[in-house]
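Data first, discussion second: the structure below is written as structure tokens.
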Amino acid sequence: MSGAQLDVDGYAVAVSNLDRVLYPQTGTRKYDVIDYYLAVADGMLPHLADRPITRKRWPAGTGSGAFFEKSLPSGTPDWVARFTIEHRGEEKVYPVASGAADLVWLAQLAALELHVPQWRIALSGDGERRTDRIVFDLDPGPEVPLSRCAEVAVTIREV
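This note's numbering puts the first residue of the sequence shown at 415, with every later residue one more than the last.
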């Protein structure tokens, strides 16, 4: 299907290749990812709010090559919020998700991993970065059971 549009929160989001399989092991199609992003939008958006998003994209599915994308691709809809960050003397313009339409647009791009920093920005303000959380990545190593990670997580939460 090409040239289709979804109306999401009053925005027309162009979608294509909805039958493309993005997860070959399960047969999960782009349509399914869009449907999932819509289903979890209320829970997901608070974690993305006011944070520039680096995307890991798999345009041909997870069975083939992926790439990280920081700057917005050409053709990004005007309604997608933006935030500019300087990297090594070069400015990169990132998307900032604020609604379900943004999530559908990201799914359309096969952005299957959304990476955000630990700080928030004020899109309408001074651009100052405000750190407001810390994330602990608890991966069990060899010979370490997942239950031990759970114990560490509980301890961290108490602290």
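Virtual Cβ for every residue (Gly too), placed ideally from N, Cα, C.
**OP:** Could you work out which residue in LEU486, ARG534, GLY555, LEU462 is closest to GLU505 when comparing CA atoms only?
**Re:** Translated into positions along the sequence shown, residue 505 becomes position 91. The candidate whose alpha carbon is nearest that of GLU505 is LEU486.
Subject >> Proximity below 8 Å, CB of ALA524 to CB of LEU436 >> reply: Residue 524 sits at position 110 when you count from the first residue of the sequence shown. Residue 436 sits at position 22 when you count from the first residue of the sequence shown. Yes. Within cutoff.
**OP:** Output the boundary residues of the beta strand (DSSP E) element that contains PRO509.
**Re:** Translated into the one-based positions of the sequence shown, residue 509 becomes position 95. Start and end: 504–510.
Subject >> ILE499 - containing beta strand (DSSP E), residue span >> reply: In the sequence shown, residue 499 corresponds to position 85, counting from 1. Residues 495–501.
Original post:
Three or more C-beta pairs closer than 8 Å, one from the stretch 443–451 and one from the stretch 494–503: is that the case here?
Top reply: no
Subject >> Own chain residues within Cβ distance below 7 Å of ILE548, not counting five before or after >> reply: Counting from one through the sequence shown, the residue named residue 548 turns up at place 134. Excluding sequence neighbours, ILE548 sits near GLN532.
Original post:
At which residues does the alpha helix (DSSP H) containing ALA515 begin and terminate?
Top reply: Indexing the sequence shown from 1 puts residue 515 at position 101. ALA515 -> alpha helix (DSSP H) spans 514–522.
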